[in-house]
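**Q**
Residue numbers (UniProt numbering): 1 to 377.
#1: Since residue 186 and residue 175 should fall inside the 8 Å C-beta cutoff, what is the C-beta to C-beta distance between them, to a whole number of angstroms?
#2: Mind checking which residues open and close the beta strand (DSSP E) that includes residue 110?
#3: Does DSSP put residue 263 in a helix, a strand or coil?
#4: Below 9 Å between beta carbons: does that hold for residue 94 and residue 369?
#5: Taking DSSP as the reference, what is the three-state secondary structure of residue 168?
#6: Along the chain, where does the beta strand (DSSP E) that runs through residue 293 open and close?
#7: Can you grab the Cα-Cα spacing for the pair residue 272 / residue 107, in whole Å?
#8: Express the C-alpha separation of residue 104 and residue 335 in angstroms, rounding to a whole number.
#9: Are there 16 or more other CB atoms within 10 angstroms of the CB of residue 300, so buried, or fewer, so exposed?
#10: Taking the C-alpha atoms as reference points, what is the distance between residue 113 and residue 377?
#11: Please state whether the Cβ-Cβ distance between residue 88 and residue 372 is less than 9 Å.
#12: In angstroms, rounded to a whole number, what distance separates the CA positions of residue 193 and residue 206?
#13: Taking all protein chains shown into account, do 16 or more other C-beta atoms lie within 10 angstroms of the C-beta of residue 304, making it buried, or fewer, making it exposed?
#14: Confirm, please, whether the CB-CB distance from residue 260 to residue 227 is below 9 Å.
#15: Thinking C-alpha only, which one of 181, 172 and 182 is nearest residue 190?
#16: Do residue 308 and residue 218 have their CB atoms nearer than 9 Å?
#17: Measuring CA to CA, which of 81, 97, 100 and 85 is closest to residue 91?
#18: Which value, in whole angstroms, describes the spacing of the CA atoms of residue 33 and residue 282?
#19: Indicate whether residue 134 and residue 330 have their beta-carbon atoms separated by less than 9 Å.
#20: What separation, rounded to the nearest whole angstrom, lies between the Cα atoms of residue 166 and residue 313?
#21: Quick check on residue 331: does DSSP put it in helix, strand or coil?
#22: Does residue 358 come out as helix, strand or coil in the three-state DSSP assignment?
#23: Is the beta carbon of residue 179 less than 9 Å from the beta carbon of residue 162?
#24: Would you mind reading off the limits of the beta strand (DSSP E) that contains residue 343?
#25: Which term fits residue 291, buried or exposed, when burial requires 16 or more other beta carbons within 10 angstroms of its beta carbon?
#26: So what does residue 161 bridge to, in DSSP terms?
#27: Return helix, strand or coil for residue 228, following the three-state DSSP convention.
#28: Nearest CA to the CA of residue 220: which residue from 208, 203, 124 and 183?
#29: Any idea if residue 361 is buried or exposed, counting beta-carbon neighbours within 10 angstroms, 16 or more meaning buried?
#30: Give me the Cβ distance between residue 297 and residue 324, rounded to the nearest whole Å; I'm assuming they're in contact under 8 Å.
#31: Quick one: residues in its chain with C-beta nearer than 6 Å to the C-beta of residue 57, no 5 flanking neighbours on either side, listed in chain order?
#32: According to DSSP, residue 222 sits in a beta bridge with which residue or residues?
Take a look at the structure:
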């Protein structure tokens, strides 16, 4: 029997609430013992964190916006469409609702954690990098990973097609099960084909991507751009060639890859790009324009010039960060920002390399935005 991912308990117990009361007396006693030391440290570093943020380009108004939005990220709240940084969110980018149909001429996109994105039009739905079955870090290092049908029943809806950027488990784990369940095609890089076959995806549903294709799904087109997975430290565990005939069940580090594919979705003059490997971008792609770019920014500080590459490739009006959450926590838990994302510190870098681009974050799982009408050119 496959082991179901454990449910994580709430991180704050009654004992944690008592902790400040227990330690307040100790704090007062330490301050009384060393008042001069405290004043001396403040004199040496009067600005502290505030000064460092100011030097990084954060004024007081922007700090308030950033802190409030990041608090929403941590708590799973859903604020209205707001931008972080200098450029406001455009009027044509509105809150969406996954439970309501998309209007004619509109395009909606929702975030389901990590790099899982659902794109909807009036006539079709695409699902990119489906990853709903999450496991704790302890489980991952001691057990194989298996797609959980109950979790898919709860969170995943029928798409018209599935697209996979690359074959790491946090982008691909649930794709074969969903393709089988809904009998829909799955478009994937060549090194992911072996797992799809091992998972008994019908051969007629496996569509191998090379890069350079344009795929039509309903009233949407998908331009496929060949890429390479970023050469980040995690590739020491999950880089390299995928076995062509893997034996199930697989562990997380059996899902290896070097290949990747980026996707630019078009619909009636609107465009959304799902860019998981911006490191590979080298000049304009898909016409060199996108209304919205969804960009994986995990470990951005180890990936030189990725925001400048996005600007040169697509000149987006809006950038939406993704792959910023701790994916070892279940989807029913409040979203927690992954410490490796460093979202707040990425903002001045994005603003420098993408001037004029609004930075609009998702505030929680299954939040959706919609593009209402054609954005101004």
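We put the beta carbon where it would ideally sit given N, CA and C, even for glycine.
**A** Answer, in terms of the structure:
#1: Contact holds; Cβ gap of about 5 Å.
#2: Its beta strand (DSSP E) spans residues 107-111.
#3: Reduced to three states, the DSSP call for residue 263 is strand.
#4: At a Cβ-Cβ threshold of 9 Å, residue 94 and residue 369 count as neighbours.
#5: Coil at residue 168, not helix or strand.
#6: Here the beta strand (DSSP E) through residue 293 covers 292-296.
#7: CA-to-CA, the gap between residue 272 and residue 107 works out to about 9 Å.
#8: Using only the alpha carbons, I get a separation of about 32 Å.
#9: Burial call: buried.
#10: Using only the alpha carbons, I get a separation of about 30 Å.
#11: No.
#12: Whole-angstrom Cα-Cα distance: 7 Å.
#13: Answer is exposed; the Cβ neighbour count stays below 16.
#14: Less than 9 Å divides the Cβ of residue 227 from the Cβ of residue 260.
#15: The residue from 181, 172 and 182 with its alpha-carbon nearest to that of residue 190 is 172.
#16: No; because the gap between Cβ atoms is not below 9 Å, this pair is not in contact.
#17: Distances from the CA of residue 91 to each of 81, 97, 100 and 85 were compared; the closest alpha carbon is that of 81.
#18: Since pLDDT at residue 33 reaches only 45, below the 50 mark, its modelled position is unreliable, and no value is offered.
#19: Residue 330 sits close to residue 134, with the two beta carbons spaced by under 9 Å.
#20: If you take the alpha carbons of residue 166 and residue 313, they lie about 20 Å apart.
#21: Under the three-state reduction of DSSP output, residue 331 falls in the coil class, being neither helix nor strand.
#22: Looking at residue 358 - three-state DSSP - the assignment turns out to be strand.
#23: Closer than 9 Å, so yes.
#24: In the DSSP assignment, residue 343 falls outside any beta strand (DSSP E) and lies within the alpha helix (DSSP H) extending over 343-353.
#25: Answer is buried; the Cβ neighbour count reaches 16.
#26: According to DSSP, residue pairing for residue 161 in a beta bridge involves 126.
#27: Residue state, collapsed to three classes: strand.
#28: If you compare the alpha carbons of 208, 203, 124 and 183 with that of residue 220, the shortest gap goes to 124.
#29: Burial call: buried.
#30: About 7 Å; that satisfies the 8 Å criterion.
#31: Because residue 57 carries a pLDDT of 38, less than 50, the predicted location of this residue cannot be relied on, and the following value inherits that uncertainty. Listed in chain order, the non-local C-beta contacts of residue 57 below 6 Å within the same chain comprise 348, local neighbours out to five positions each way being set aside.
#32: DSSP, once it has assigned bridges, lists 215 and 265 as partnering residue 222.
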